[in-house]
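Numbering (this note's numbering), first residue to last: 67 to 316.
Accompanying notes for the structure given below.
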Amino acid sequence: MLKLQNISKHFTGKVVLEDINLDIQAGEIVSLLGPSGSGKTTLLNIILGLTQMDHGKIFFDGTDISKLSMKKRGFNIVFQDYALFPNLNAYENIVYGLRNKKGSITKQELQEYIDFLELNPHLTKRIGELSGGQKQRVALARTLVMKPKILLLDEPLSALDGVIKESIKDRIKSIAREFQLTTIIVTHDPEEALTLSDKILIINQGTISQFGTPQEIISQPNNDFVEEFILNQLHIKRNNIYKLFGEKYA
Ligand code: ADP
Ligand code: MG
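Printed below as a string of structure tokens:
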């Protein structure tokens, strides 16, 4: 449903993305995984339509959308820093994007998203009064009420820890499943990518190191970078992999 073809991008003399090709199926959760500075956010912003690519094409359901504006593409993003409006309360943030889109969502649907993210007790609170996990849920609700054709998330878990991180992770998974929503998630954390996604695109210095399911990446790493980044650098030990994926991959 989303196809990236030969995408390249440079910033002032520096190549940031080189010949990226990717095929994403409807309803899939795909992680863009790589170290800091590898080009993940740039690729996400190119898909969104916020950043222009130098070369390449993007197809959505077979149609070339490379030249379409961000608005016409109809994808939506949760930015890494959430980008909520501090002078509005939680509810006003959630409905902000709907102000020029009357009739695009019923009251009942809006309430379903709010219920799903358990935001009822927080609706009249200012953003400054919310915890990190609550802010993330408001940011998710604000994006979901726009009914995006694709949900884009930039490091959605990086500001959270422990139990909150796990609960938002589960929530993202169930959003994708419940609303049949194709979801692309940027992360630098291999464990996050392995436990959250149907498929993972591993990026190293702007090029694709590997694209595959978590199982494929663990059992058949394409190269030394994948092996080291996934297995060694971030301390994913054999017994954790066993726990995650069973004996076959340990
Ligand atoms: P990641 O999200 O993987 O950490 P980014 O896509 O943010 O990486 O950045 C990739 C590279 O592109 C980095 O070297 C970064 O400094 C550079 N870069 C990103 N945005 C800009 C910009 N607007 N202008 C110049 N360089 C940029
Ligand atoms: Mg980034």
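Where a beta carbon is used, it is the ideal one built from N, C-alpha and C, also for glycine.
It should be emphasised that the depicted structure is a prediction, and the values quoted were computed from it without experimental measurement.
Distance, residue j Cα to residue i Cα
i      : j      : result
LYS239 : SER233 : 10 Å
PHE145 : LYS201 : 12 Å
ILE113 : PHE295 : 25 Å
VAL49  : ILE268 : The structure shown has nothing for residue 49, since the chain only spans 67 to 316.
ILE86  : GLY194 : 39 Å
ASP127 : MET67  : 5 Å
ILE180 : ALA259 : 26 Å
LEU247 : GLU94  : 7 Å
LEU196 : ASN166 : 27 Å
MET212 : THR279 : 29 Å
LYS138 : ASN72  : 22 Å
ALA316 : ASP255 : Note on ALA316: pLDDT 44, under 50, position unreliable in the model; the coordinate value appears next. If I take the Cα positions, the gap works out to 20 Å.
PHE277 : ILE283 : 8 Å
LEU134 : ASN142 : 14 Å
ILE266 : LYS106 : 12 Å
Heavy atom of the ligand ADP within 7 Å of residue i beta-carbon
i      : result
LYS137 : no
PHE295 : no
GLY103 : yes
GLU279 : A quick correction: the sequence has Thr, not Glu, at residue 279. No, Cβ of THR279 sits at least 7 Å from all heavy atoms of the ligand ADP.
GLY54  : One cannot answer for residue 54 here, as it falls past the ends of the chain, which runs 67 to 316.
PHE291 : no
PHE141 : no
Residue i CB to nearest heavy atom of the ligand MG below 7 Å
i      : result
ASP127 : no
VAL144 : no
THR107 : yes
GLU258 : no
ASP220 : yes
VAL252 : yes
Sequence ranges, alpha helix (DSSP H) only - wholly within the segment 166-244, length at least 4: 173-182, 198-210, 228-244
Contact the segment 213-226 vs the segment 250-264: 3+ CB pairs below 8 Å: yes
Touch test, the segment 173-187 against the segment 72-92, Cβ-Cβ under 8 Å, three pairs minimum: no
Minimum length 3: unbroken beta strand (DSSP E) runs contained in the segment 109-135: 121-126
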